[in-house]
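Residue numbers (the numbering used here): 1106 to 1693.
No residue lacks a Cβ here, since even glycine has one placed at the ideal position from N, Cα and C.
Working notes, beginning with the structure itself.
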Amino acid sequence: MTALPHNDTSVMEEKEAAQTTHLEDVAESSTLAYEQAEMEPRMNLQTCLAFLALASQYNAYVLTLLIPSTTLSYINADLGPNSNYPWITVSWTLCASFLISVGGRLSDIFGRRYFMICGATISFIGTIVGATAQSINQMIASGVLFGLGSGFQEMGYAACQEIVPNKYRMWAVGLFDFLGLIAQTGPLVAYSFIAKTEIGWRGAYWYMCAFHGFFGIVMFFTYYPPTFHTKHKHDGKTKTQLIKEIDYIGLLLFIAGCVLFLLGINYGGRQYAWTSAHVIAPMVVGVLCLIALGFYEVYADLPLPIMPPKIFRKWREVTMIYVICFVGGMLYYSLNVIWPRQSQLLFTGPNKIIQGLYAELIPLGSVTSGLILAFVCARIGHERWQLVFLMTLETALIGSLASLGVDDRIQAIATIPFLSISISLPQLMSFAMISLGLGDEFRDDIGCAVGLAGTFRLLGGSIATAIYTAITNNTFASHLPGEVSRAAPNFTAMTALLKAAAANTAAAYKAVPGITEEVVAATQMAVKYAYVEAYRTTYLSALGFGGLAIGAALLTKSTDRGMKNNKRIVVLENEKGKSGEEVLSGKA
């Protein structure tokens, strides 16, 4: 074979090198083009269906919160009486409070799809347990299942943001909340079953069962977030490796801290006195666990901390917003407990449908706030000053409720929806601000970060409900004797009358010797006046928390406009098939 001249050999080598370089450039540019295409704001059919599926799970979990709390007294009357009946709803809070954050963190690592499906399945089982329950203990078990399922389902707040372009995140959260309109009618549905059907409160549980079952199936077939393989295609880690790296000590401290603290809070004033060791011990141990968690997460060298310290270091973008979420929870969840009872005592009377309509004033404000966030707040920007304005309005409206009397029905109807808006809107805005405030470098922590906001809301709500309930009950007890004495000054069996007034039922009044219809009517009005003073004191006590929220809002930071771009955090698995390429699944 004749050897090629040296010059010809060099030319051929240069051509081969150039061709190789060209092929590498083409491959690199194709990969880059696909990765960029992933982040384009494609709101296609798959994205929209996934968004609606997530919204259905939000509805499902809100129903498990609103319907049991609405029907609580009727459940106790049917299956009790049992002094433990408040734990039907308390158990929801206990379980959901820690699982919102834990579920968010684990889904950041392993993928969201099966955590969401697991949550829907657990809640579905909870509806069946509740609908067929024959005892209060079985209803508490239903509440536990609701809390566990809801902890996973509330991940929807994070999941709905990561499938839309960054600039639409606030819009997405607002629309997501507005689509909860179905769930917000839950109290009215429950009261309708109680008033109009023989099945009563169980009908509301079967309604939840049908809702969870149908929309759980819808989610199964429409929500395909990145799989485990897609999430870890770059680091190449296996499930076994990641399971070994999970922060089990931090997980234990967080769950123990939340559960023990909330147990103590909910024992106080119910099963035990606030000074009892049964109350103080779990609260103190719970706080110590959470403090230990903070030190452990900061100083331990953890590959996958359950509460990443880097999130809390962004104190203006994230930590101060958690304070707002905590205070907002103190007002929102406690208002859902206080207002239905207050409206029944002062305004509605025994009509169940009217009671349901009054209870809907709070959800009306919540749903409206979703629209305002999507179409007003998202356009304005300057989120810090929006928060300051809303916190100030919220505090002023709470103060105005302290002036409500027995004849101030119109004032109450006008105030409650606006108060609900001023409370709900900052909560929704916070979810978007947190996710955008984290920046691209924390994109893999969005589930944990947004989940923590939910945890702080629930913790705040539990603490405030205990505080406000204690204030209301104690103030009512102190004012009742004086009001009854003024209403019936010449009645001889005053001790028996006071006992009947405390119960405020027809059977209790009937048992009082020498009672007349005039004395009953006067005493019932005296009970209302005593409750007016009790609720006035409760609302005034909330003003201090409103002031704390205003201070926290001033310390926040508006979202960086540069973050409101066309990038998306994730692409759904069923979106990739449209292009014929599956780069992210490793098959291309």
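Note the first and the last residue of the continuous alpha helix (DSSP H) segment covering residue i.
i     : result
Q1491 : E1488 to L1506
W1306 : W1306 to T1327
L1159 : L1150 to L1184
F1452 : It is not in any alpha helix (DSSP H) - F1452 carries neither H nor E in the DSSP assignment.
S1381 : Segment: none, S1381 is in no alpha helix (DSSP H) and carries neither H nor E.
S1590 : I1551 to A1592
M1244 : I1241 to Q1258
T1642 : E1622 to L1659
P1414 : P1414 to R1418
Y1614 : A1611 to K1615
A1238 : Per DSSP, A1238 belongs to no alpha helix (DSSP H) and is neither H nor E.
A1479 : Taken as a continuous stretch (DSSP letters only), A1479 belongs to no alpha helix (DSSP H), as it is neither H nor E.
L1677 : Per DSSP, L1677 belongs to no alpha helix (DSSP H) and is neither H nor E.
Just verifying my parser: in three-state terms, what is the DSSP assignment at residue i?
i     : result
V1131 : Caution applies to V1131, whose pLDDT of 37 falls short of 50 and renders its modelled position unreliable; the model cannot decide the point.
G1544 : coil
G1373 : strand
I1268 : coil
I1351 : strand
L1409 : strand
R1218 : helix
H1334 : helix
E1465 : coil
L1524 : helix
V1511 : coil
Y1273 : helix
G1433 : helix
E1303 : coil
T1424 : helix
D1665 : coil
T1600 : helix
G1279 : helix
K1732 : Absent from the structure is residue 1732, since the part of the chain shown begins at 1106 and ends at 1693.
D1340 : coil
G1285 : coil
G1470 : helix
P1292 : helix
From residue i to residue j, what does the alpha carbon distance come to, in whole angstroms?
i     : j     : result
L1150 : A1246 : 39 angstroms
T1597 : P1618 : 9 angstroms
W1306 : S1663 : 45 angstroms
L1645 : V1511 : 18 angstroms
F1650 : I1528 : 12 angstroms
L1393 : G1362 : 7 angstroms
Y1312 : D1352 : 39 angstroms
T1343 : P1331 : 15 angstroms
A1571 : I1459 : 27 angstroms
V1676 : A1158 : 16 angstroms
D1406 : T1345 : 20 angstroms
L1585 : Y1634 : 8 angstroms
I1348 : V1493 : 42 angstroms
L1170 : P1594 : 44 angstroms
A1279 : L1462 : Correcting the residue identity first, residue 1279 is Gly in this sequence and not Ala. Between G1279 and L1462, the C-alpha separation is close to 24 angstroms.
Enumerate in chain order the residues of its own chain whose CB-to-CB distance from residue i is below 6 angstroms, with the five nearest sequence positions on each side excluded.
i     : result
A1160 : F1281 and L1284
V1625 : Y1614
E1680 : Q1151
I1205 : G1256, E1259, G1556, G1559 and T1560
L1286 : V1472
D1549 : D1213
F1333 : F1215 and G1216
E1622 : none
V1384 : G1369, Y1372, G1373 and Y1377
If contacts are defined as beta-carbon pairs under 8 angstroms, then residue i and residue j qualify, I think. What distance do you get, rounded to the angstrom?
i     : j     : result
A1639 : F1581 : 4 angstroms
L1530 : I1477 : 6 angstroms
Q1258 : A1225 : 7 angstroms
A1657 : A1631 : 41 angstroms between Cβ atoms; not a contact.
E1350 : L1409 : 5 angstroms
S1540 : A1263 : 7 angstroms
Spatial neighbours of residue i within its chain, please: C-beta separation below 7 angstroms, excluding the five flanking residues on both sides.
i     : result
Q1211 : Contrary to the premise, residue 1211 reads as Leu rather than Gln in this sequence. Taken in chain order, the residues that qualify are F1220.
A1309 : I1172, T1176, V1294, A1295 and F1298
I1180 : Y1190, I1193, M1244 and W1306
L1495 : S1527, L1530 and P1531
L1498 : S1527
For residue i, is the beta carbon positioned less than 8 angstroms from some heavy atom of the ligand PLP?
i     : result
N1609 : Summarising the ligand content, the structure contains no ligands, and the ligand PLP is consequently not present.
Please return the same chain residues whose Cβ sits closer than 8 angstroms to the Cβ of residue i, not counting the five positions on each side in sequence.
i     : result
G1566 : T1198, G1434, M1435, Y1437, Y1438 and S1439
S1590 : M1599
L1502 : T1520, F1523, L1524 and S1527
L1543 : I1416, K1419, E1422, V1423, D1550, I1551 and A1554
For chain B, is any of its Cβ atoms less than 9 angstroms away from the one on residue i?
i     : result
G1470 : No chain B is part of this structure, which consists of one protein chain only.
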